[in-house]
Amino acid sequence: MHKAPDSPKYPVGEIHKNQPGSHYFRYSPVWKIFVTGSNAKLLSSEISTSLTGRNKLIELFPFSFSEYLLFQEKKYDIDRLTSKSRALLQKDFNTYMQTGGFPLVVKENDAELINDYFQDILYRDIISRYRLTQVNEIKQIGLPA
429 MHKAPDSPKY PVGEIHKNQP GSHYFRYSPV WKIFVTGSNA KLLSSEISTS
479 LTGRNKLIEL FPFSFSEYLL FQEKKYDIDR LTSKSRALLQ KDFNTYMQTG
529 GFPLVVKEND AELINDYFQD ILYRDIISRY RLTQVNEIKQ IGLPA
């Protein structure tokens with residue numbers, strides 16, 4: 429947990445690796461606590477139960493391709509694509525598919541962050557949640573050709 433820049437009242441934290449009891453917080457009228465994470469075991473119903481009356485769930489989804497283009501400040505006139513603009517659009521689409529449309533990945537263009545997201549989704553959200561044993565085979569499915 430750390431203090432948000434220039435704000436004594438807004439600590440920001442992330443739930444890590446299924447820490448026991450990590451979803452319980454002590455109420456304070458002075459502090460507003462922001463908790464983030466993609467942990468599949470900490471479902472919205474569990475958050476609501478633990479923080480009854482003190483929670484606001486905001487789901488942040490990856491960018492759609494059109495949102496990705498807006499974020500990158502790129503515009504294409506689909507009705508008037510030249511061969512050059514078609515090639516650029518295809519390149520943008522390939523990049524979008526490789527980044528998964530995750531806003532921070534798109535912003536930072538960080539290959540290590542993409543790998544971290546892939547590992548988290550694969551191991552915590554899929555393999556661990558469904559108790560799968562064919563880890564290498566499942567990992568191969570998700571790797572680029």
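Using the numbering used here, the first residue of the sequence shown is number 429, and each one after it goes up by one. For every residue, glycine included, the Cβ atom is placed at its ideal position computed from N, Cα and C.
Rounded to whole angstroms, what's the CA-CA distance from residue i to residue j? Just pull it up for me.
i, j, result
"V534", "T561", "32 Å"
"P512", "S494", "Before going on, a small fix: residue 512 reads as Lys here, not Pro. For K512 and S494, the distance between alpha carbons rounds to 19 Å."
"K445", "R557", "Bear in mind that a pLDDT of 45 at K445, under 50, signals an unreliable position, so the number given afterwards is only what the model happens to contain. Distance between the alpha carbons of K445 and R557 is about 12 Å."
"E536", "I542", "10 Å"
"K567", "D538", "20 Å"
"R508", "P531", "29 Å"
"T510", "E501", "19 Å"
"D548", "A515", "33 Å"
"E565", "D544", "19 Å"
Go through its chain and collect everything with a Cβ distance to residue i's Cβ below 8 Å, but skip five positions before and after it.
i, result
"G570", "F546 and L550"
"G529", "P490, F491, S492, F493, E495 and Y496"
"K503", "L497"
"F521", "F493"
Starting from residue i and walking both ways along the alpha helix (DSSP H), at which residues does that stretch end?
i, result
"Y524", "S511 to T527"
"F530", "Neither: F530 is in no alpha helix (DSSP H) and is coded neither H nor E."
"E540", "A539 to Q547"
"F499", "F493 to F499"
"K567", "V563 to G570"
Among residues of its own chain, excluding the 5 on either side of residue i, which ones have a beta-carbon nearer than 7 Å to its beta-carbon?
i, result
"V563", "I555"
"F499", "F491 and V534"
"Q518", "none"
So is residue i buried or exposed if we call it buried at 16+ other beta carbons inside 10 Å?
i, result
"T527", "buried"
"Y524", "buried"
Excluding the five sequence neighbours on either side, which residues of its own chain have a C-beta within less than 6 Å of the C-beta of residue i, listed in chain order?
i, result
"E540", "none"
"R559", "none"
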